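Participant: Numbering-wise, our numbering comes out as the position in the sequence shown, counting from 1, plus 64. Virtual Cβ for every residue (Gly too), placed ideally from N, Cα, C. Note that the structure is a prediction, hence the values are computed from the model and not measured. Attaching a single structure in structure tokens format; questions to follow.
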Amino acid sequence: MNRAAVFESHDYGDGGDRSGVNGVKWNAIALIGRQGLVLAFSLLLARLLGPEAYGIIAQAAIYIALTTLILDQGLTAALISRARVTRDVAGAAVTVNFLLAAALAGLSVLLAGPIATFFRTPELNLVLIALGMGLILKAAAVVPRMLLMRRMRFKAIAVADIAGSAIGGIAGVVGFAFGADYWALVLQLLVSDLVAAVILQWAARPPAPNLKLSVLRDDAGFSGRVFAGNLISFASRNTDNILVGRFFGADALAYYSLAYRVLLTPIQMIGQVVTRVLFPAISRSRADLPRVGELILRSTGHISLVAFPLMGLIAVSAPDTVPTVLGDQWLPAVGVLQVLAITGARQAVTAVNAPVLLGLGLAQTHLRFNILAAAVQIAGMVAGMPWGYFGVAVGYTIAGILLTPVIIALQVKHAGLSWVRQLRVLTPALVGSLVACAAYGALFLTEMQPWVRIIVGLLAGMVTYAGYLFVVHRRTFDKAFADMVAIVRGRR
65 MNRAAVFESH DYGDGGDRSG VNGVKWNAIA LIGRQGLVLA FSLLLARLLG
115 PEAYGIIAQA AIYIALTTLI LDQGLTAALI SRARVTRDVA GAAVTVNFLL
165 AAALAGLSVL LAGPIATFFR TPELNLVLIA LGMGLILKAA AVVPRMLLMR
215 RMRFKAIAVA DIAGSAIGGI AGVVGFAFGA DYWALVLQLL VSDLVAAVIL
265 QWAARPPAPN LKLSVLRDDA GFSGRVFAGN LISFASRNTD NILVGRFFGA
315 DALAYYSLAY RVLLTPIQMI GQVVTRVLFP AISRSRADLP RVGELILRST
365 GHISLVAFPL MGLIAVSAPD TVPTVLGDQW LPAVGVLQVL AITGARQAVT
415 AVNAPVLLGL GLAQTHLRFN ILAAAVQIAG MVAGMPWGYF GVAVGYTIAG
465 ILLTPVIIAL QVKHAGLSWV RQLRVLTPAL VGSLVACAAY GALFLTEMQP
515 WVRIIVGLLA GMVTYAGYLF VVHRRTFDKA FADMVAIVRG RR
């Protein structure tokens with residue numbers, strides 16, 4: 065069977081695995097595997113390299129995240145929401161991605177010097193050029209990933225993401241062993257992207273690029289609004305990194321960005337496991353608002369049950385875990401880690417806002433909210449600057465808390481969910497997490513060694529949390545346990 069025949073045999077409109085639960089299962093495997101490996105190798109390399117080297121890559125990551133966003137330009141969301149994706153449409157999308165990648169690679173060469181000067185980090189020049197060239201690898205993965213997501217073939221995505229993270233991480237450690245210094249982190253990123261792209265290409269069998277770009281005209285409006293919204297969201301989420309990296313230096317950004325990564329990684333594991341499946345699920349159910357409302361409540365409730373205690377225990381254990389895992393050189397990251405844990409818990413449950421609005425076809429509303437969120441969050445970060453990178457973290461966290469009622473109000477308006485129902489579904493996790501944190505915190509009154517307190521405290525926190533849910537919120541406990549079993553077994 066030739067390549068064209070393979071592609072044509074796939075109905076990307078509404079085929080593949082229709083089981084949302086199975087999609088969640090493989091999303092969970094992909095995200096836990098990938099993000100777990102990324103975090104593990106990042107912590108290992110952070111300990112080996114130290115804050116200065118890690119900070120250089122943290123500065124480069126801001127620019128690469130922006131170019132990656134431009135590379136997608138909202139097309140993925142637009143094509144996933146399409147009723148049908150033809151061979152011509154997919155091929156045109158491939159062309160657009162590769163043209164953009166080539167243009168961005170060239171732009172990276174031109175801007176590398178000025179960006180290095182802006183951050184006062186000369187080493188950043190060659191790093192940005194190398195990572196800019198690597199955008200071709202990211203472009204090769206965009207359309208294959210989209211095609212697999214449309215058919216909810218998350219198993220193939222899981223294999224690609226996990227293999228890429230594992231092999232990339234190993235490459236980074238080997239690079240360090242051979243004296244690569246901060247280039248070990250560059251090697252980790254490039255190898256990871258290469259492996260993932262190869263596997264996704266093999267699994268999806270996308271068509272060859274074509275020049276029939278006019279077939280994407282109908283998607284331009286939706287993808288443009290999604291891209292604008294994502295770009296504004298990027299600005300609000302990365303202004304803190306830019307401010308810290310520019311005004312407080314690479315070391316400060318290393319403390320800040322590592323703390324953020326430690327928190328963001330589990331949040332991505334938890335939130336995206338559900339939200340990646342939530343977008344296509346809501347797109348198919350948009351005519352049935354009661355169904356949409358139930359999907360939202362179920363998602364936020366389950367996310368909170370994992371995210372809240374996890375963020376709480378990370379925060380309360382930080383004075384022990386940071387020096388034990390990373391070394392005393394990373395102690396300045398403790399305060400930032402504790403503050404951003406609040407942001408992590410909030411972001412985990414509010415992450416459903418984007419797939420809800422986009423799934424309902426409300427790209428314009430999504431854009432308007434992102435404009436508001438960017439303004440509020442940037443103002444909060446700037447207001448915190450007089451207190452250093454810790455103040456930036458506090459300002460960002462307060463701004464996020466102020467935006468939460470707006471997200472709730474949007475779901476009241478567009479999904480018909482009351483304030484009471486949305487808040488009530490979070491109560492078990494919130495109260496239980498406070499109890500778990502108290503259980504760990506009580507151990508600071510003892511003379512335990514930090515590593516002993518970590519083990520005993522985390523176990524005590526988890527047991528206390530589970531016990532609280534079992535006794536006080538038995539129905540929530542039973543339902544969550546049943547859903548977890550269903551996900552593991554891959555049942556509908």
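Do you know whose CA, among Val153, Gly236, Val536, Gly525, lies nearest Ala110's CA?
Facilitator: Nearest of Val153, Gly236, Val536, Gly525 to Ala110, Cα basis: Gly236.
Participant: Around the Cβ of Ser482, are there at least 16 other Cβ atoms within 10 angstroms (buried) or fewer (exposed)?
Facilitator: It counts as exposed.
Participant: Mind the definition here: the stretch 93-101 touches the stretch 216-234 only if three or more C-beta pairs lie below 8 Å; say whether that holds.
Facilitator: Yes, since at least three Cβ pairs between the stretch 93-101 and the stretch 216-234 fall closer than 8 Å, the two stretches touch.
Participant: Just to confirm the assignment, what range does the alpha helix (DSSP H) spanning Trp515 have?
Facilitator: Taken as a continuous stretch (DSSP letters only), the alpha helix (DSSP H) holding Trp515 covers 514-536.
Participant: Given a cut-off of 9 Å on the beta-carbon distance, is the pair Gly521 and Asp384 in contact?
Facilitator: Their beta carbons are under 9 Å apart, which means Gly521 touches Asp384 by this criterion.
Participant: So what does DSSP say about Ser287, is it helix, strand or coil?
Facilitator: Ser287 falls in the helix class under three-state DSSP.
Participant: Do Ala397 and Tyr319 count as a contact pair if the criterion is CB distance below 9 Å?
Facilitator: Their beta carbons are under 9 Å apart, which means Tyr319 touches Ala397 by this criterion.
Participant: Using 8 Å for Cβ pairs, my map puts Ile120 next to Leu188. What's the rounded Cβ distance?
Facilitator: That belief holds up - the Cβ atoms of Ile120 and Leu188 are roughly 6 Å apart, short of 8 Å.
Participant: In the DSSP assignment, find the alpha helix (DSSP H) that holds Pro383 and state where it starts and stops.
Facilitator: Its alpha helix (DSSP H) spans residues 353-389.
Participant: To the nearest angstrom, how far is the alpha carbon of Leu328 from that of Ser278?
Facilitator: Approximately 38 Å, taken between the alpha carbons.
Participant: Give the straight-line distance between the Cα atoms of Leu254 and Ala261, rounded to the nearest whole angstrom.
Facilitator: So the two alpha carbons sit approximately 11 Å from each other.
Participant: Could you pull out every residue in the same chain whose Cβ sits closer than 8 Å to the Cβ of Val456, ignoring the five residues on either side in sequence?
Facilitator: Excluding sequence neighbours, Val456 sits near Asp304, Leu307, Val308, Tyr320, Met445, Gly448, Met449.
Participant: From what residue to what residue does the alpha helix (DSSP H) around Pro178 run?
Facilitator: Run containing Pro178: 151-182, per the alpha helix (DSSP H) assignment.
Participant: Considering Gly233, what are the terminal residues of the alpha helix (DSSP H) in which it resides?
Facilitator: That run of the alpha helix (DSSP H) goes 218-241.
Participant: Exposed or buried, what is Thr540 when buried is set at 16 or more other beta-carbons lying within 10 Å of its beta-carbon?
Facilitator: That one is buried.
Participant: I need the DSSP call for Thr414, collapsed to helix, strand or coil.
Facilitator: In this structure, Thr414 counts as helix in the three-state DSSP scheme.
Participant: What is the C-beta distance between Ala316 and Tyr453, in whole angstroms, given that I count them as a contact (C-beta under 8 Å)?
Facilitator: Their Cβ separation, rounded to whole angstroms, is 5 Å, which keeps Ala316 and Tyr453 in contact under 8 Å.
Participant: Alpha carbon to alpha carbon, how far is Ser297 from Ala69? Give it in angstroms, no decimals.
Facilitator: Residue placement at Ala69 is flagged as unreliable, the pLDDT there being 37, under the threshold of 50; the coordinate-derived value follows with that caveat. Computed Cα separation, rounded: 40 Å.
Participant: In terms of residues, what are the limits of the alpha helix (DSSP H) holding Phe454?
Facilitator: Per DSSP, Phe454 belongs to the alpha helix (DSSP H) from 452-479.
Participant: In whole angstroms, what separates the C-alpha of Leu369 from that of Leu171?
Facilitator: Their Cα atoms are separated by approximately 44 Å.
Participant: Looking only at its own chain, which residues have a Cβ that is under 7 Å from the Cβ of Ala314, when we skip the five neighbours before and after it?
Facilitator: So the list reads Glu116, Gly119, Ile120, Gln123, Thr185, once near-sequence residues are dropped.
Participant: Distance, Cα to Cα, Leu422 vs Gly243?
Facilitator: Near 46 Å, if we compare the C-alpha coordinates of Gly243 and Leu422.
Participant: Going by alpha carbons, who is nearest to Lys202 out of Val499, Val416, Leu164?
Facilitator: Minimum Cα distance to Lys202 is reached at Leu164.
Participant: Between Ala479, Ala530, Ser300, which lies nearest to Thr426 when the distance is taken from Cα to Cα?
Facilitator: Checking the sequence shown, residue 426 turns out to be Leu, not Thr. Of the listed residues, the one whose Cα sits closest to Leu426 is Ala479.
Participant: Pairing CB atoms from the stretch 399-415 with CB atoms from the stretch 372-387, are three or more of them under 8 Å?
Facilitator: Contact holds: three or more Cβ-Cβ distances are below 8 Å.
Participant: Would you check if there are 3 or more beta carbon pairs closer than 8 Å linking the stretch 150-158 to the stretch 202-217?
Facilitator: Touching, yes, given that three or more Cβ pairs across the two stretches are closer than 8 Å.
Participant: How far does the alpha helix (DSSP H) with Tyr127 in it extend, from its first residue to its last?
Facilitator: Residues 115-136.
Participant: Buried or exposed for Ala166, please, with buried defined as at least 16 other CB atoms from any protein chain shown within 10 angstroms of its CB.
Facilitator: Result: exposed.
Participant: List the endpoints of the continuous alpha helix (DSSP H) containing Val504.
Facilitator: Looking at the sequence provided, one finds Tyr at residue 504 rather than Val. Tyr504 -> alpha helix (DSSP H) spans 491-505.
Participant: The alpha helix (DSSP H) spanning Val250 covers which residue range?
Facilitator: Here the alpha helix (DSSP H) through Val250 covers 247-268.
Participant: Determine the direct distance from the alpha carbon of Asp136 to that of Asn417, and round the result to whole angstroms.
Facilitator: C-alpha separation (whole angstroms): 20 Å.
Participant: Which whole-angstrom value is the C-beta distance of Val356 and Arg350, which I expect to be below 8 Å?
Facilitator: Correct: roughly 7 Å between the Cβ atoms.
Participant: Identify whether Lys89 lies in helix, strand or coil by the three-state DSSP scheme.
Facilitator: Three-state DSSP puts Lys89 in a helix.
Participant: Give the single residue among Met213, Leu490, Ile471 whose Cα lies nearest to the Cα of Arg362.
Facilitator: Out of Met213, Leu490, Ile471, Leu490 has the C-alpha closest to the C-alpha of Arg362.
Participant: Give the C-beta separation of Ala323 and Leu404 to the nearest angstrom, bearing in mind that I take them to be a contact with Cβ-Cβ under 8 Å.
Facilitator: Correct: roughly 6 Å between the Cβ atoms.
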